[in-house]
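Take a look at the structure below.
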Amino acid sequence: MIPLARRMIAREKGRFAITALGVGMVVALVLLLFAMSEGVRSEANGYVRDRPIDLWICQKNCTNLIRSSSLMYASLARDLKSERQIESVAPLLRLIGTSRIRGRRATFFVLGFDPAARESRPTLVAGTADLRSGEIVVDRALAAKYGLTLGDSIAIHDRWFAVRGLSEGTNAVITQFVFTSLPDAEQLLGVPGIISYLLVRLRPGASPGRVAADLAQRYPTLAAFTQRQFAENNLEEMETGLLPILMTVAILGALVGGVVLMLLMYSHVLEHQIDYAILKAIGAGQSVVAGVVVRQSLLAVLAGLGAGTVLFLVGAPILRFAVPEIALSMTWRVALVTLGAALLIGLVGAWLPIRRLARIYPAEVFRA
Amino acid sequence: MSAPVPVVEASHLSKVFRGAGGSVVRAVADVTLQLRPGEVLLLIGPSGSGKTTLLSLVGCLLPPTTGSLRIGANDVTSLRDDQLAVFRLRHFGFVFQGFRLIDALTVRENVELPLRLSGVRRSAARDRAQALLDEFGLAALAGTFPDVLSGGEKQRVALARALAADPPIVLADEPTGSLDSRAGESVVELLEQSAHSRGKAIMIVSHDARIQRHADAVLEMEDGRVTPR
Chain A
51 MIPLARRMIA
61 REKGRFAITA
71 LGVGMVVALV
81 LLLFAMSEGV
91 RSEANGYVRD
101 RPIDLWICQK
111 NCTNLIRSSS
121 LMYASLARDL
131 KSERQIESVA
141 PLLRLIGTSR
151 IRGRRATFFV
161 LGFDPAARES
171 RPTLVAGTAD
181 LRSGEIVVDR
191 ALAAKYGLTL
201 GDSIAIHDRW
211 FAVRGLSEGT
221 NAVITQFVFT
231 SLPDAEQLLG
241 VPGIISYLLV
251 RLRPGASPGR
261 VAADLAQRYP
271 TLAAFTQRQF
281 AENNLEEMET
291 GLLPILMTVA
301 ILGALVGGVV
311 LMLLMYSHVL
321 EHQIDYAILK
331 AIGAGQSVVA
341 GVVVRQSLLA
351 VLAGLGAGTV
361 LFLVGAPILR
371 FAVPEIALSM
381 TWRVALVTLG
391 AALLIGLVGA
401 WLPIRRLARI
411 YPAEVFRA
Chain B
24 MSAPVPVVEA
34 SHLSKVFRGA
44 GGSVVRAVAD
54 VTLQLRPGEV
64 LLLIGPSGSG
74 KTTLLSLVGC
84 LLPPTTGSLR
94 IGANDVTSLR
104 DDQLAVFRLR
114 HFGFVFQGFR
124 LIDALTVREN
134 VELPLRLSGV
144 RRSAARDRAQ
154 ALLDEFGLAA
164 LAGTFPDVLS
174 GGEKQRVALA
184 RALAADPPIV
194 LADEPTGSLD
204 SRAGESVVEL
214 LEQSAHSRGK
224 AIMIVSHDAR
234 IQRHADAVLE
244 MEDGRVTPR
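Quick note, the sequences are listed as chains A and B, same order. Start counting the first sequence at 51; every next residue gets the next number (my numbering). Start counting the second sequence at 24; every next residue gets the next number (my numbering).
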């Protein structure tokens, strides 16, 4: 077929540019939201997912690290350590900490851990996790948000701590993690002898699933999860909390993009009604004229994909600078979902104009 | 020698339009006509007499309310819209008063259009279009866009497009209506030439009395009815 779609676009460069820019902004928004969604998956779950352990032990009915409460006696660590199949047990105490940093209120999770136990040490991007009393490791997004660097000090619950390390995989977007030694966390909590989680490494050959089931049976007040299950629980918790909001905004954005494209394509069809009537009069069927509109719509979407990608690549670093706790992660899944969303926008955008085309009669060529 | 078999046979064609308020307009009433290969049939009549509606019926652009229409060996009154589109492509070329070229396409692409819609390969369509443009003295304008052409040039491009797929029938609605007398004469001569040297069946709707001398038959239309002249 003659490249009528491209020729029509070439004669209406202004309209096409506006259409592509509109689609591009939607594509950038969709990219951003899906990249955030992926960022949440990897960043918020990073600490749990990357621990070199086999089991997470917590209070019964607790299922995850982010939105679940768990309080256990610290002596439980010794009891479990004596189990035949368990090689090591690392305690973790979680509490909510508040602070005023550079005049702004900050709220975060404080995780007290044993600096000597590598199972519970956070992954660092700078500094050290060999903490002594009065020292902390801060999530890097929290540090960026408040301008904290190694050596700075902040007050948590009226006690001063020096920042000795920056961690990654510890940003849950709505809050971030700060790590202290276990005794410091106990002191902040104000109740000694309490822990929240036990990170367990099994002896070689032991089955995590079987040991978890066995422990849950013999310790009725506890819940035991394999590392994989606990990571999935964490992810599910994030997905049921934040991700639906991101998805809803992304879908609404895509729909708005589709409607914008639809309006522009619809006005194009109205303005070129006679051209389409000519095509029909000389023998083009509905599928041929619909193809012209679909091609224009998809070309606008392709241009919009390009524009949106550029907007995203330019905008993402600016956004991360302005809002450090936003975690962005570009993956193949993000690219594919965005491509799918863009194609959906193109098809939605062509739907109403195609319906209008069906009501253009070839005899309209005789209209004055 | 016997007369050629008609390519168009309309029998008792009528077209009634119903308005929103229940008003009824009988635009074409009980028209019977024939059109043969190599013949130029001129349909004249005042504005609103139903000429263009009759042309639309004959060209399968509108379905008749009653009556039958045979094009060649085919009864087209029962065909669906998409079948009619294919039928128009194979059997008709159209020339309109307002030229009706597609401004986004070059002159050559406009002429190529029916060929490409028919499935003719790009290079063959291009060659055929170029040959027609050469024949109509438009070769130098092949790569230009219609909006820079004069009225006469546009109408010759429209005629080239109408003939491009070699249809047996050409329908022309007021082909001289937007042209000066000289350009109009040139276009009508080309139509007449198409009938007499290419064997096309030509039906022209016009107010222009000067066309009558180019016609083999003239029908007059008034209030939706035709009478021979």
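C-beta: ideal position from N, C-alpha, C; glycine also. These numbers were taken from a predicted model, which means no experiment stands behind them.
At least one CB of chain B lies nearer than 8 Å to the CB of A/L54. Three or more Cβ pairs closer than 8 Å define a contact, and the region 87-95 of chain A falls short of that threshold against the region 301-319 of chain A.
Contacts with chain A at 8 Å (Cβ-Cβ) do not include B/T167.
Taking the Cα of B/R236 as reference, the smallest distance to any Cα among B/I94, B/E208, B/V171, B/K223 is reached at B/E208. Look at A/F163 here: in three-state DSSP terms it is strand. Neighbours of B/F117 in chain A, taken as residues whose beta carbon is under 7 Å from its own, are A331, I332 in chain order. Remark: C-beta atoms of B/V109 and A/G341 do not approach each other more closely than 8 Å.
If you ignore the 5 residues before and after A/V360, its C-beta comes within less than 6 Å of no other C-beta in its own chain.
Residues are counted here when their Cβ sits less than 7 Å from a Cβ of chain A; for the region 187-217 of chain B these are D196, given in chain order.
Contact annotation for B/T75 against chain A: F416 [CB-CB distance below 7 Å, chain order].
For chain B, none of the residues of the region 369-396 of chain A brings a beta carbon within less than 8 Å of one of its beta carbons. In the structure shown, A/R345 falls within a helical segment according to DSSP collapsed to helix, strand and coil. Between A/K110 and the set A/A67, A/T381, A/Y269, A/D264, the nearest pair of CA atoms involves A/Y269. B/P137 belongs to the set of residues whose beta carbon lies under 8 Å from a beta carbon in chain A. Taking 8 Å as the cut-off, the Cβ atoms of A/R251 and A/E169 count as close. Spatial neighbours of A/R345 in its own chain (CB-CB distance under 6 Å, excluding positions within 5 residues in sequence) are listed in chain order as A55.
By the criterion of at least three beta-carbon pairs nearer than 8 Å, the region 179-193 of chain A is in contact with the region 229-248 of chain A. Taking 8 Å as the threshold, the shortest C-beta distance from A/I224 to chain B does not fall below it.
With a contact defined as Cβ atoms closer than 8 Å, B/P198 and B/Q178 qualify at about 6 Å. B/L84 reaches chain A at A331, P412, A413, counting residues in chain order whose Cβ is nearer than 7 Å.
Residues of the same chain with a CB within less than 6 Å of the CB of B/A162, apart from the 5 flanking positions on each side, are L156 in chain order. Against chain A, the beta carbon of B/D105 has neighbours under 7 Å at G335, Q336, listed in chain order. Out of A/E218, A/L305, A/A366, A/L121, the CA that lies nearest to the CA of A/V187 is found in A/E218. Listed along chain A are I52, each with a C-beta nearer than 7 Å to that of B/E132. For A/I332, the enclosing alpha helix (DSSP H) starts and ends at 323-332. Checking the DSSP bridge columns, you'll see B/P251 partnered with B/L242.
When secondary structure is reduced to three states using DSSP, A/P172 falls in the coil class, being assigned neither helix nor strand. When DSSP reads this structure, A/I136 sits in a beta bridge with A/L252. Interface residue (Cβ-Cβ distance to chain B less than 8 Å): A/R57 is classified as such.
The beta-carbon separation of A/T113 and A/F159, rounded to 16 Å, does not stay under the 8 Å limit for a contact.
Only those residues of the region 134-163 of chain B whose C-beta falls short of 9 Å from the nearest C-beta of chain A are listed: E135, L136, P137, R139, L140, S141, R145, A148.
Here the alpha carbons of B/V228 and B/L136 stand approximately 24 Å from one another. A/S347 is positioned such that its CB atom lies closer than 8 Å to that of A/A400.
In the DSSP assignment, the residues bridged to A/C108 are A/A273.
Under the DSSP assignment, B/A195 falls outside any alpha helix (DSSP H), being part of the beta strand (DSSP E) whose first and last residues are 192-196.
In the same chain as B/A188, and ignoring 5 residues on each side of it, the C-beta atoms closer than 6 Å to its own belong to P137, L138, S141, in chain order.
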